[in-house]
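In my numbering, the protein residues as written are 116 to 476.
Idealized CB from N, CA, C, for every residue including glycine.
Predicted model only: the values in this text are computed from it and were never measured.
Some notes on the structure that comes next.
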């Protein structure tokens, strides 16, 4: 029988979010109903509210979530009622050209629930990133559920569902940071600081945090940065070069996603070094640079999608490292809030006052 639950909905572009009654249908054959325990407030949810993703309003927001499987469809084999799971938006299909060539982290046809959640009047909701977890319960495909250690704190490990995984993976998977490497991270919000934590976990020797906000640089130091650069007062490229023997960093990660920060990343890397773009640009942004610079510097220019992660491989491993005290995921939780506090949390995130606000249900 369909269930009526609370959910945070963006009804129109730029309008404040509202808490509405959401109808969660019975699961289809491969669907799962998950009782949400915690969900992080990600900038992507704000982008949805602002119409920056698409215009398929109304949206059921929230996607960095952990919870417990409540009911499952008839054909579900991946999880069972009672399983503690982190939700993901990369439920790999196994059949597309990326999956078949052995690169499922690029899957082009990820799975979502077969049914739509709705408002009480029958209006269909678009769940953020196919999840919609600012709600007491949500409906997802079984492949969007990754089982992890049930003793882990939901408010902490749920953040692996998006931003923290994007940053960790940008360093560990896309950037392939190795022991002793020098790494610079431009932009030290949640994703950038996760990249710093990932670089530290991978054994990088020099980890340089670059930002214009002293508070963010302090967070970066707590999460593993060995050096900080205040880009509001010095040239970021020159500072990174100076801290790396005049050469530039082996890996530079742009966690902002603007033309000017991407150029900084490009010129702050060593010859044959790697640039990783994990910050998300807007469609109108362009970069104009001398082509000879691309040729003469060599190396790799990469984009990181979701940290090039495989949830089934990466989430349990990272949760175990957190439980062992080797990965300080708890430092990303700045505040725990209620379902009605999401709009205020958007303001805090936009102002850079938090790494993550987390809705606890």
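Item: Helix, strand or coil, according to DSSP, for residue 248 in the structure here?; Value: coil
Item: So residue 255 packs on residue 281, CB below 8 angstroms; how close in whole Å?; Value: So it is not a contact: roughly 19 angstroms between Cβ atoms.
Item: Within the same chain, show all residues whose beta-carbon is closer than 7 angstroms to that of residue 315, passing over the 5 residues directly before and after it, in chain order.; Value: 322, 339
Item: Rounding to the nearest angstrom, what Cα-Cα distance links residue 373 and residue 399 in this structure?; Value: 10 angstroms
Item: For residue 163, collect the residues of the same chain with a Cβ closer than 7 angstroms to its Cβ; drop the 5 residues on either side in sequence, then sort them by chain order.; Value: 125, 174, 176, 243
Item: If you draw a straight line from the C-alpha of residue 476 to the C-alpha of residue 250, how long is it?; Value: 8 angstroms
Item: Within 10 Å of its beta-carbon, does residue 461 have 16 or more other beta-carbons around it, so buried, or fewer, so exposed?; Value: buried
Item: Taking the alpha carbon of residue 122 as the point to measure from, which residue in 333, 246, 371, 258 has its own alpha carbon closest?; Value: 246
Item: Return helix, strand or coil for residue 357, following the three-state DSSP convention.; Value: helix
Item: Over what stretch of residues does the beta strand (DSSP E) that includes residue 438 continue unbroken?; Value: First-last for residue 438: 426-438, but that is the alpha helix (DSSP H), not the beta strand (DSSP E).
Item: With 16 other CB atoms within 10 Å as the buried threshold, where does residue 161 fall?; Value: buried
Item: Between 410, 274, 144, 409, which lies nearest to residue 154 when the distance is taken from Cα to Cα?; Value: 274
Item: Does any C-beta atom of chain C lie closer than 8 angstroms to the C-beta of residue 118?; Value: As a matter of chain content, chain C is missing from the structure shown, which is built from one protein chain.
Item: Does the Cβ-Cβ distance between residue 422 and residue 234 come in under 8 angstroms?; Value: no
Item: Report the partner residues of residue 472 according to the DSSP bridge assignment.; Value: 450
Item: Going by the beta-carbon positions, is the gap between residue 263 and residue 120 smaller than 8 angstroms?; Value: no
Item: Is the separation between the beta-carbon of residue 63 and that of residue 304 shorter than 8 angstroms?; Value: Here the chain has residues from 116 to 476 only, and residue 63 is not among them.
Item: For residue 146, list the residues DSSP reports as bridge partners.; Value: 256
Item: For residue 456, tell me which candidate among 474, 449, 443 has the shortest Cα-Cα distance.; Value: 474
Item: Which class does residue 311 belong to by DSSP, given the choice of helix, strand or coil?; Value: helix
Item: Tell me the DSSP bridge mates of residue 415?; Value: 389
Item: Looking only at its own chain, which residues have a Cβ that is under 7 angstroms from the Cβ of residue 317, when we skip the five neighbours before and after it?; Value: 286, 287, 292, 293
Item: Does DSSP classify residue 199 as helix, strand or coil?; Value: strand
Item: If I measure Cβ to Cβ from residue 427 and keep anything under 7 angstroms in the same chain, skipping five residues before and after, which residues do I get?; Value: 261
Item: Considering only their Cβ atoms, is the gap separating residue 144 from residue 232 smaller than 8 angstroms?; Value: no
Item: In terms of residue numbering, what span does the beta strand (DSSP E) encompassing residue 179 cover?; Value: 179-187
Item: Specify whether the stretch 339-353 and the stretch 377-390 touch according to this definition: at least 3 beta carbon pairs, one from each stretch, less than 8 angstroms apart.; Value: yes
Item: List the residues that DSSP assigns as beta-bridge partners of residue 384.; Value: 364
Item: In the structure shown, what three-state DSSP assignment does residue 317 receive?; Value: helix
Item: To the nearest angstrom, how far is the alpha carbon of residue 241 from that of residue 212?; Value: 27 angstroms
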